[in-house]
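Colleague:
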Amino acid sequence: MNAALAAMIFGASLSPFSSVSWAQNNVMPQQGSATYVAYYLNHVLSTMDMGEKNSGAVIEGFGITRSDNGQKPFDKLSVHCLFFEGARGGQYSETGSCTETDTDGDMIYLTVATDTQTFTGGTGKYKGISGTGTFSGHPLRPPAPGTFAVEVEHKVNWKLK
Numbered sequence: 001m002n003a004a005l006a007a008m009i010f011g012a013s014l015s016p017f018s019s020v021s022w023a024q025n026n027v028m029p030q031q032g033s034a035t036y037v038a039y040y041l042n043h044v045l046s047t048m049d050m051g052e053k054n055s056g057a058v059i060e061g062f063g064i065t066r067s068d069n070g071q072k073p074f075d076k077l078s079v080h081c082l083f084f085e086g087a088r089g090g091q092y093s094e095t096g097s098c099t100e101t102d103t104d105g106d107m108i109y110l111t112v113a114t115d116t117q118t119f120t121g122g123t124g125k126y127k128g129i130s131g132t133g134t135f136s137g138h139p140l141r142p143p144a145p146g147t148f149a150v151e152v153e154h155k156v157n158w159k160l161k
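The sequence shown begins at 1 in the UniProt record's numbering and counts up by one.
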């Protein structure tokens, strides 16, 4: 595995994803901001070696969110993401899409672009959600070969239309 591919796959362990959920029958606030932590387990579906300092990979990730500061809308969402990671000349990039599902089955849709996330819509209580967020990841020890575990702190702002 070349150095660019190894660096790109390590970057997959820092993948961004966000979330919004809480107990059944609660109403989503019309707008707000929050900080919360998510835990992800990612695995590489396919890689492409493109020579020295160039590579690509398709990554699938699963995770959950936790809010320890009382912000219930961002607690206990399950997350599923697909994204493409690339390394070109030592530069890293990432694009992808995620769904986040709360305990009621309502979903948030979002896209990922390197170090930001954008809410693009949702179902149920999240219908019409928009907003953006940033994140910072901290790699954890992978539980099995070919996987990448990461703890990610999210800072998001949202609005319902």
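Even glycine gets a Cβ: it sits at the ideal position worked out from N, Cα and C.
Do Y40 and V112 count as a contact pair if the criterion is CB distance below 8 Å?
Modeller: No. Outside cutoff.
Colleague: Would you call E100 buried or exposed, if buried means 16 or more other Cβ atoms sit within 10 Å of its Cβ?
Modeller: When all chains shown are included, E100 counts as buried.
Colleague: By the three-class DSSP mapping on this structure, what secondary structure does K155 have?
Modeller: K155 falls in the strand class under three-state DSSP.
Colleague: Do I59 and V79 have their beta-carbon atoms positioned less than 8 Å apart in this structure?
Modeller: No.
Colleague: Select from N42, D68 and N157 the residue whose C-alpha is nearest the C-alpha of G137.
Modeller: Selected option, being the one with the closest Cα: N42.
Colleague: Identify the continuous beta strand (DSSP E) that holds Y126 and give its terminal residues.
Modeller: Segment: none, Y126 is in no beta strand (DSSP E) and carries neither H nor E.
Colleague: Mind listing, in chain order, the continuous beta strand (DSSP E) runs of no fewer than 3 residues lying wholly within the region 68-129?
Modeller: Runs found: 78-88, 91-101, 107-113 and 116-122.
Colleague: I need the boundaries of the beta strand (DSSP E) containing V44, first residue and last residue.
Modeller: Looking at the DSSP string, the run of the beta strand (DSSP E) that includes V44 is Q31 to D49.
Colleague: To which residues of the same chain is G146 closer than 6 Å at the C-beta, ignoring the five residues directly before and after it?
Modeller: H43.
Colleague: So for R141, helix, strand or coil by DSSP?
Modeller: Reduced to three states, the DSSP call for R141 is coil.
Colleague: Is the Cβ-Cβ distance between K53 and G90 less than 8 Å?
Modeller: Yes.
Colleague: Strictly by DSSP, which residues pair up with E60?
Modeller: DSSP lists H43 and L82 as partners of E60.
Colleague: Taking buried to mean at least 16 other C-beta atoms within 10 Å of its own C-beta, is P73 buried or exposed?
Modeller: Classification for P73: buried.
Colleague: Does the Cβ of M48 have 16 or more other Cβ atoms within 10 Å, making it buried, or fewer, making it exposed?
Modeller: Classification for M48: exposed.
Colleague: Which of helix, strand or coil does DSSP assign to V150?
Modeller: Reduced to three states, the DSSP call for V150 is strand.
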